[in-house]
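Following UniProt numbering from start to finish, the sequence shown increments by one per residue and tops out at 266.
The beta carbon of each residue, even a glycine, is placed where N, CA and C say it ideally should be.
If you're wondering where the values come from, they're calculated on a predicted model, not measured in any experiment.
In what follows, a single structure is set out as structure tokens and then discussed.
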Amino acid sequence: MKLQVYFSILKRPPFSILLCIGLLVWLFLLLQPIVMVEFNIPVHGHAHHHIHTHQRNGLWSVIMQTINIHWFLMLIAMMFPLLSDAVLAIWRKNFPRKRYIGLTTFFIGYIVFWTFIGIVLLFLTEILNSILDSSKELVLGCILVILLFWQATPWKQMSLNRCHIPPMINPFGLQSAIDCFSYGLKKAFYCVGTCWPLMWISLVTMQHTMYLMPLFTFMMYFEQNLPWKPEQWRIPYLYSFHNFYKQLSFKQKNSTHPILRFDRKF
């Protein structure tokens with residue numbers, strides 16, 4: 001019975017739109033290497049992401065390495081599953097004729113901010129490559145240390161807590177699109193605060209990203225479903241799984257699960 005409720009929710013807009021876009025992107029990313037190998041086509045997009053010290057062309061090169069189809073596809077595949085609450089809030093707080101405009105401006109703001117962060121991360125990668133003589137192992141080691149440090153900081157938990165703040169959207173006139181765009185920027189800002197080291201690893205290990213993307217997507221979804229915690233220093237990942245399973249068991253016993261209250265007809 002519960003599975004039927006979940007499937008009925010996924011069939012309704014806006015969830016059906018997110019699901020279709022996400023599945024198409026994942027399918028393209030999964031099939032692309034097979035097609036390239038089958039027809040002997042070089043995968044330029046993946047190689048284009050790698051930064052080598054002997055091929056540096058300054059900031060413009062870093063920008064062009066970020067703004068390409070593979071960056072946007074990776075962003076859509078990894079981030080769209082995490083935006084269901086935000087999309088639902090925009091859908092409910094806009095008039096029917098403005099819902100798709102609101103979603104479009106929200107995603108534009110979200111992707112613009114993440115693209116700026118991608119440029120910064122690639123620029124930092126180039127700096128690390130120049131310092132560490134392009135040793136990929138050392139670069140990844142440094143990023144993993146940064147990841148563990150960031151997980152322990154109160155700023156990471158602050159970003160997680162603020163990811164669930166509902167937006168303030170004026171449904172009237174042009175202000176609706178402006179509010180949705182600013183909400184996309186704000187949502188991206190807090191999403192960056194929760195998972196920017198994971199996206200950094202994805203950029204550095206672009207050849208193996210297809211193996212890491214599902215894992216990172218699950219980790220980000222997992223963290224966003226954890227209950228609110230005080231914003232303080234903590235040991236990374238120590239109690240996350242325990243709290244997550246406690247939350248799941250509580251939701252199974254409680255009939256007021258937020259997703260089951262999605263019974264409004266659109």
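{"Item": "Which listed residue (M64, I76 and I178) has its alpha carbon closest to that of I90", "Value": "I178"}
{"Item": "CB contact flag (L75, Q224, <7 Å)", "Value": "no"}
{"Item": "Boundaries of the alpha helix (DSSP H) in which W91 is found, first to last residue", "Value": "S84 to K93"}
{"Item": "Nearest-angstrom beta carbon gap, I201 and I143 [assumed within contact, 8 Å]", "Value": "6 Å"}
{"Item": "Buried versus exposed call for I51 [16 or more other C-beta atoms within 10 Å across all chains shown]", "Value": "At I51, the pLDDT of 42 sits below 50, so the modelled position is not reliable and the matter cannot be decided from this model."}
{"Item": "V145, buried or exposed, once every other Cβ within 10 Å from all chains shown has been counted against 16", "Value": "exposed"}
{"Item": "Of the listed residues G193, T125 and V87, nearest to F107 (C-alpha basis)", "Value": "V87"}
{"Item": "Environment of I41 [buried if 16+ CB atoms lie within 10 Å]", "Value": "Legend: pLDDT at I41 = 49, less than 50; position of this residue unreliable, value from coordinates given subsequently. Counting Cβ neighbours within 10 Å, I41 comes out exposed, since fewer than 16 surround it."}
{"Item": "Inter-stretch contact at 8 Å, needing at least 3 Cβ pairs: the segment 112 to 124 / the segment 180 to 196", "Value": "yes"}
{"Item": "Nearest candidate by alpha-carbon position, reference W228, set P214, M158, I169 and Y221", "Value": "M158"}
{"Item": "Candidates F222, L24 and W71, of which the one nearest V204 by Cα", "Value": "W71"}
{"Item": "Endpoints, alpha helix (DSSP H) assigned at T104", "Value": "R99 to I131"}
{"Item": "Same chain, Cβ closer than 6 Å to F113, neighbours up to 5 away in sequence not counted", "Value": "L185 and A188"}
{"Item": "Buried versus exposed call for G173 [16 or more other C-beta atoms within 10 Å across all chains shown]", "Value": "exposed"}
{"Item": "Option in L19, F222, S130 and Y183 with minimal Cα separation from M168", "Value": "Y183"}
{"Item": "Beta-carbon proximity check, V139 vs L73, cutoff 7 Å", "Value": "no"}
{"Item": "First through last residue of the alpha helix (DSSP H) which encompasses L160", "Value": "P154 to R162"}
{"Item": "Contacting residues, own chain, Cβ-Cβ under 7 Å from W233 (five flanking each side not counted)", "Value": "A152, T153 and P154"}
{"Item": "First and last residue of the uninterrupted alpha helix (DSSP H) at F172", "Value": "Per DSSP, F172 belongs to no alpha helix (DSSP H) and is neither H nor E."}
{"Item": "Local Cβ density within 10 Å of F181, reported as buried at 16 or more and exposed below that", "Value": "buried"}
{"Item": "C20 burial status per 10 Å Cβ neighbour count (16 or more: buried)", "Value": "exposed"}
{"Item": "Cβ separation of M210 and L29, assumed to be a contact under 8 Å, to the nearest whole Å", "Value": "6 Å"}
{"Item": "CA nearest to the CA of R97, picked from L212, P171 and I165", "Value": "P171"}
{"Item": "Environment of G141 [buried if 16+ CB atoms lie within 10 Å]", "Value": "exposed"}
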